[in-house]
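Be aware that the sequence shown starts at 609, since it is given in my numbering, and climbs by one per residue.
Backbone N, C-alpha and C fix where the C-beta goes; we use that ideal spot for every residue, glycine too.
Contents: one structure, followed by commentary.
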Amino acid sequence: MIRTVLPCRPSLRLRLWLGALGLSVLTLSGAGLAVFGLTATERRAQEALAAQTRLEAWSSLSTRISEWMLSRMLQGGASTAGAGAIETALARLEALTAADVAAAPDEAEASRRAADIRHVARMKSFFSQMRALAPETPAGQAGIAFHLTHAPAVITSRIEHETRRRDLALKGLEALRRPLRFGMAAFAVAAPLLLLLLWRGTLRPLFDGLRRVAREAPNLSGAEGFAALDRHDELGLMFARMRQASRRIARRRARLERDLADLESLVEARTTELTAANSRLSAIDAARRRFFADVSHELRTPLTVIMGEAELGAMTADPDLRQSFHTITSRAERLFRRIEDLLRIARSESGELELSLRDVPLPEALEAARGDVAPLLSRASVTVSAEVPAGLRVRADPDWLRQIFAGIFENSVKFAGKDAQIRITAQISEGRVRVQICDSGKGPQPPAEAPLFDRHIRSASPGVSGFGIGLALARWAAREFGGDLRRLALPEGFGLELELTAATEGKDGPYSAD
């Protein structure tokens, strides 16, 4: 495998730092050159201006002295005109010379310039002596001759000296101008070159890479992936990491697509199974409704015959036989109502029985239930005693309330045995009626750990038959009334408590015991 080795290049960070450093150095150098040029130019210009000022002052002094001496000689020494101007010129020269000494860059130059003060002092001495001498005397004439010999030479030497200093300062300005021009030209060339180098070496590759990132960004999660960048710097590293991220995203996307396909297949399979299960449930529900309708239809025909025969038998003159036929008719009517319930369930969309609640007189419901099971109570010699307030009414379905009491009485006969006693008490409190039904037997004995009110839980007592539905059905009806059916904890015997809602006054009609 042949691997291409790319040339090692400085990192983007290093190149940016170097570019920033170069620009900083160039900027600081340009600023330093400008400051140096301005300072040096200002110093030399001030030196040239000061030298020119002193030159003019010496020239002015020479003119003033010449005019004063000419006037003095013409007027025979009596004229004093121009003496003040000479003193002013000397004072100005002294001040300019002192300022020149103070502006010296070092002590050696200051000492050299301080020698110029002696020339000013010498001229002051000459002027003082000339003023003190009379021009018409031999001493005055000798002084004038001495001044004419020495004073012009001093002034001329100072004028030549200041001229040389002025010319030297101007030459210094000219000499300084050339390197400044060269330096500024160098900076004018170096700055664009450095910017061009920074652009070509750092900024343009960086901007190209960023534009490529923006162009390739939509492909980060696409199937084609993220393109590679052959660069050994931070930008190349970023592209490599983004390429790795693109590959990871592509792998995860492929996994997600596979999982999504599996999930869709699973959902489709479960939907098919659910559709089949719903079809089976619909078929089962239709079969249930047909069964209830068929059973109800098949039972109504013989039951109608039984009811008709019982009504004919009740026309006999024998009272005991007539009472028996009345009992048969009552039970047949009760069974007929159960068949009607089956038909209502078959026609119901919910498949549930809807009860008809109304205000029911509790004493009459108890008496009707006791009449339904009177033959059973009589054969077992079971007595029923009730302590129920007269006129007490509850909210319930009258037929189902009657069936609850009848079922409880049948259980008492079944489990309490002969000569048992059933005691019924009723109390009302805060709109709730609690009916307690107790007997002297042990009651149903369900298997261990089995609740008493569960469906199809049969008693474990020997010799007792049944399907284990009666108490469960009674509790269901009580809860449909808005109440409940519970077992009482008694030290002896067996008891149940039926809780119902007390009825409001003046509702519904009288209770029918049929």
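Contiguous beta strand (DSSP E) elements confined to the segment 910 to 953 do not occur, taking only those with 3 or more residues. For the options Leu965, Trp807 and Met846, the alpha carbon positioned closest to that of Glu824 is the one of Met846. Beta-bridge partners of Glu1105 (DSSP): Gln1044 and Arg1094.
Secondary structure at Ser1037: strand, using DSSP grouped into helix, strand and coil.
Across the structure, Leu943 and Pro1006 are spaced so that their CA atoms are roughly 15 Å apart. Scanning the segment 954 to 1016 for uninterrupted beta strand (DSSP E) segments of 3 residues or longer gives 966 to 969, 991 to 995 and 1001 to 1004, listed from N- to C-terminal end. In this structure, the alpha-carbon of Gly1091 lies about 21 Å from that of Leu1098. The alpha-carbon of Arg898 is positioned some 15 Å away from that of Arg908. The shortest CA-to-CA distance from Glu664 to any of Leu634, Leu641, Pro983 and Arg700 is the one to Arg700. The Cβ-Cβ distance between Gly1015 and Gly1078 falls below 9 Å. Setting aside the 5 residues that flank it on each side, Leu802 is surrounded in the same chain by Gly627, Gly630, Leu631 and Leu634, each with a C-beta closer than 8 Å to its C-beta; the list follows chain order. Residue pairing from DSSP places Ala1110 in a beta bridge opposite Val1002.
Looking at Arg812, Ser938, Val1043 and Arg866, the one whose alpha-carbon comes closest to that of Arg1031 is Val1043. Residue burial is scored here from C-beta neighbours: Val913 has fewer than 16 other C-beta atoms within 10 angstroms and is therefore classed as exposed.
Spanning the alpha carbons of Ser887 and Ala877 requires a straight line of approximately 15 Å. Here the C-alpha atom of Asp714 lies approximately 15 Å from the C-alpha atom of Arg652. In this structure the segment 697 to 712 lies against the segment 662 to 676, because at least three pairs of beta carbons, one per stretch, are closer than 8 Å. Counting of Cβ neighbours within 10 angstroms places Arg808 among the exposed residues, the total staying below 16. Judged by their CB atoms, Val992 and Leu984 are not nearer to each other than the 9 Å cut-off. In this chain, Glu1100 is not harboured by any alpha helix (DSSP H), its DSSP state being neither H nor E. DSSP places Thr705 inside the alpha helix (DSSP H), whose first and last residues are Ala691 to Ala710. Listed as beta-bridge partners of Ile1030 by DSSP are Val992 and Asp1047.
Judged by their CB atoms, Phe734 and Ala703 are not nearer to each other than the 9 Å cut-off. DSSP places Pro813 in the helix class (H, G or I) of the three-state scheme.
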